[in-house]
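Read through the structure below, which is laid out as structure tokens, and then see the notes.
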């Protein structure tokens, strides 16, 4: 292969700080000609920040960029493009209502006497796409083609414009298997032509299928850059989740047998294109942890359980009686509570007061005509705010003024106020400060002791292990394993997530 | 559980609750604006504040302002609920025309007045329900969904009146437009009654809070178990009911149903009244009495310009000037300025 080892793009000591948050800390990255370089990391690891710096959308606070050995600074994406760096995003950002040819040559149409030479554009577009193995009507509107074809057109445009480095940001997220194959074929051809390709995805198997090297980020730091040849999925997951730290506090006093009677029983719940049918039984005083990579279907399971998305089939039993849960209101009526992952979008009512945010679910459960009096509201909000140590100057201030941790505690308080039987927590400790984090973990433990059934989704494996009686593992939108007792340790979870471990053998009945 | 950080909190908890409604009533920009407009009217027309009692009824310019402003005030009551849900209802003017047409056609065809009134109100409810279904079930943006009825509604009203102005002499309908209840013109009485009833209902039940929650964050409302769709339908239906009431007043006032002009452009005045009253078009916090106050401000300006003898074209310019002033006073920028000033005066305890 030509120029196998020529380094196209090198970044050294890149740092980016947002407010007080270090999004990237001394990160090095290099991309060679003719390689596909996967960039991996969980949410918040710094992947997109690094990409935005490499493509000129952000300016780094420290560190250097080199293209072909020359130091460069990018003030905007156009400059990066002029240096040969092009990007294709998950959402195709072309013009859906213009023709394929127009999209390919948008902004640089060949003209004669100020008029666009349509025939020439179409001819050139046809030839260009032929090199990508596409023989399509270039006069048709872009939106009439599948997302995969649109992705390839976006790639063709990016390569035409830049031609040296191609960044693919989750290009396969909405593609099916044959479409992925089509896209990969194009990527391999570009690689053979000597382009350097940065590939971002949540699908581990695709990383192994397509990539030569991998760089793993975690919490804004680079964990490693190495050839994929010497790695297996378990290693990669372990590095992504950071499970090389010591676990000294797991299984402290959580006795799987201490759980009480059956509380909630889900059987054969599923939703096409979202989650494969699953069955799960939760007992009184039990925490069932959920582990799995982002996009593995963790959140989708929670949404089905709470009626946010409708299930295709299956039944729900609460305390032995069948209940129908087709919307969240019914779930709340059945005594369920749900702290969603996206606190800002689905959790808090920013302009409403802390007090109102705490009592709102109870009020919704009571109905329109049994209004909680002001005194009741103050009493309830005060009680739960004290219990969870919500730090607010007063409970009548808008909740949007509180810190993330205190907002999360207020949402937890909202559900405790309805005296729930079953609580779903989706990433309850993400993006909050250490103190609030500890408070929430303490609360989970206390609620279990008080007899609640909890279903807790978390990427923090040591944390899941610390408070769960059992852990179910999700992969590729299905529950693939259940770990309990002596098997309940981070390494086993990592192997189950990667699909390489013995945990496979003891998948749920 | 020990909380070592407890001492970080302010030791004296401020008196709980939002500021009591009347505590800072007189410093609100809307109240100041109304006072200014009324003062200007008084300077232009010294008899502006004089109110007399005659034939069992109050008379005077101030009463006229309230009487003329009543239809917009009633529209604004319903519009407040809709805007609080982060929606808007452009069709209320057209619904006024439909309601007036239904009532007029029914009494002229010999139906009893009570039945005509019920039918007109029912027509308003159906129109509101239609809007609500478009917004919730079909998930159409409110401004587009209600635009449908804004355009089609006037055509519907013309179909009902068969293109003519249907005049009537039914005493009950005329009473709704021009009569007297407890010394007040009937429209003023209706507007006050509706305002009090609606305020009591939304504040004594949980409806007010739940509507605000839906307006602030519809997704979070769903996750919290609130039946957001049902509340939205309710808000639009209520707006339709209010519009029908205003339509009856407008018809009774001119003793006829004019499908082309009844309630024409009043939806815009109603939206303006709500915004002047301080309810944000972004949804959330709302106050029905403040919206009614907004309607009174608009009418006081209209009346002032009329009695001043300026040409009516001037009306629009002055109106927009005052409105800009109120909106600037309400804007986050001036709120920030005000806050900076007050914190500078306070002991600076804030970090």
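Chains as they are written, first to last, in our numbering: chain V, 620 to 1128; chain S, 3 to 353.
Just so you know, even glycine gets a beta-carbon here, dropped at the ideal spot from N, CA and C.
Exercise. Buried or exposed: where does residue 867/V fall if 16 or more other Cβ atoms within 10 Å of its Cβ makes it buried?
Worked result: Summary for residue 867/V: the model assigns pLDDT 38, below 50, so the residue's position carries little reliability, and this model does not support an answer.
For this session: Taking all protein chains shown into account, decide if residue 330/S is buried (16 or more other Cβ within 10 angstroms of its Cβ) or exposed.
Result: exposed
For this session: Figure out for me which residue from 92/S, 294/S, 320/S, 126/S has the closest Cα to the Cα of residue 101/S.
Result: 126/S
Exercise. Any chance the CB of residue 961/V is under 7 Å from a heavy atom of the ligand FMN?
Worked result: Ligands displayed in this structure: none; no statement on the ligand FMN is therefore possible.
For this session: Check whether the region 665-684 of chain V touches the region 713-725 of chain V, counting contact only when three or more Cβ pairs, one atom from each stretch, lie closer than 8 Å.
Result: With the cut-off at 8 Å, the region 665-684 of chain V and the region 713-725 of chain V do not touch.
Exercise. How many Å lie between residue 223/S and residue 177/S at the Cα?
Worked result: Their Cα atoms are separated by approximately 43 Å.
For this session: State the CB to CB distance for the pair residue 243/S and residue 123/S, rounded to an integer number of angstroms; the pair is presumed to be in contact (CB under 8 Å).
Result: 6 Å
For this session: Say whether chain S places a C-beta atom closer than 8 Å to the C-beta of residue 970/V.
Result: Yes, contact with chain S.
Problem set entry | C-beta neighbour in chain S for residue 1028/V, strict 8 Å | no
Problem set entry | Burial state of residue 759/V (16 or more Cβ within 10 Å) | Counting other Cβ atoms within 10 Å of its Cβ, residue 759/V stays below 16 and is therefore classed as exposed.
For this session: Run through the region 776-830 of chain V for me and flag every whole alpha helix (DSSP H) of 4 or more residues, listed as ranges in chain order.
Result: Listed in chain order, the complete alpha helix (DSSP H) runs (minimum 4 residues) inside the region 776-830 of chain V are 796-811, 823-829.
Exercise. Taking Cβ positions, are residue 954/V and residue 1039/V nearer each other than 8 Å?
Worked result: yes
For this session: List the residues of chain S whose Cβ lies closer than 8 Å to the Cβ of residue 967/V, in chain order.
Result: 219, 222
Problem set entry | Residues, ordered as in the chain, of the region 933-947 of chain V that lie near chain S by beta-carbon distance below 8 Å | 946, 947
For this session: Mark residue 863/V as exposed unless 16 or more other C-beta atoms lie within 10 angstroms of its C-beta, in which case mark it buried.
Result: Bear in mind that the predicted position of residue 863/V carries a pLDDT of just 45, short of 50, making it unreliable; the figure below should be weighed with that in mind. Residue 863/V should be labelled exposed.
For this session: Please confirm if residue 29/S has its CB atom under 8 Å from at least one CB of chain V.
Result: No - not a single Cβ of chain V is within 8 Å of the one on residue 29/S.
Problem set entry | Rounded straight-line distance, which links the Cα of residue 230/S to that of residue 966/V | 15 Å
For this session: Consult DSSP for residue 167/S and reduce its assignment to one of helix, strand or coil.
Result: coil
Exercise. Taking 8 Å as the CB-CB limit, is residue 666/V close to chain S?
Worked result: no
Problem set entry | Burial state of residue 871/V (16 or more Cβ within 10 Å) | In this predicted model, residue 871/V has a pLDDT of only 48, less than 50, meaning its place in the structure is not dependable enough to derive any value.
Exercise. So, helix, strand or coil for residue 698/V, using DSSP?
Worked result: Here residue 698/V sits in helix by DSSP.
Exercise. Cα separation between residue 294/S and residue 1064/V?
Worked result: 52 Å
Exercise. What are the boundary residues of the alpha helix (DSSP H) that residue 1002/V is part of?
Worked result: 993-1007
Problem set entry | Nearest candidate by alpha-carbon position, reference residue 750/V, set 738/V, 806/V, 996/V, 823/V | 806/V
For this session: Below 6 Å CB to CB, which residues in the same chain sit around residue 181/S once its five sequence neighbours on both sides are set aside?
Result: 188
For this session: Could you tell me whether the Cβ of residue 980/V comes closer than 8 Å to any Cβ of chain S?
Result: yes
Problem set entry | Beta-carbon contacts of residue 241/S that lie in its chain and below 7 Å, excluding the five residues immediately before and after | 80, 81, 83, 84, 91, 94, 130
Exercise. Quick one: what does DSSP say residue 1098/V is sitting in, helix, strand or coil?
Worked result: Of the three classes helix, strand and coil, the one that applies to residue 1098/V here is strand, per DSSP.
Exercise. Should residue 984/V be flagged as near chain S, meaning a C-beta pair shorter than 8 Å?
Worked result: yes
Exercise. When you check each C-beta in the region 283-301 of chain S against every C-beta of chain V, which residues fall closer than 9 Å?
Worked result: 284, 285, 286, 287
For this session: Write down the C-beta distance between residue 794/V and residue 816/V rounded to the nearest angstrom, noting that I regard them as a contact closer than 8 Å.
Result: Wrong, their Cβ atoms sit about 17 Å apart, outside the cutoff.
For this session: Taking only beta-carbon positions, decide if residue 207/S is within less than 8 Å of chain V.
Result: With 8 Å as the cut-off, residue 207/S counts as an interface residue toward chain V.
Problem set entry | Delimiting residues of the beta strand (DSSP E) encompassing residue 841/V | 840-846
Exercise. With a Cβ-Cβ cutoff of 8 Å, do residue 1021/V and residue 214/S count as a contact?
Worked result: Taking 8 Å as the Cβ cut-off, residue 1021/V and residue 214/S do not qualify as a contacting pair.
Exercise. Around the Cβ of residue 249/S, are there at least 16 other Cβ atoms within 10 angstroms (buried) or fewer (exposed)?
Worked result: When all chains shown are included, residue 249/S counts as buried.
Problem set entry | Beta-carbon neighbours of residue 64/S, restricted to chain V and to distances below 8 Å | Annotation: residue 64/S has no Cβ neighbours in chain V at a cutoff of 8 Å; minimum Cβ distance is about 35 Å.
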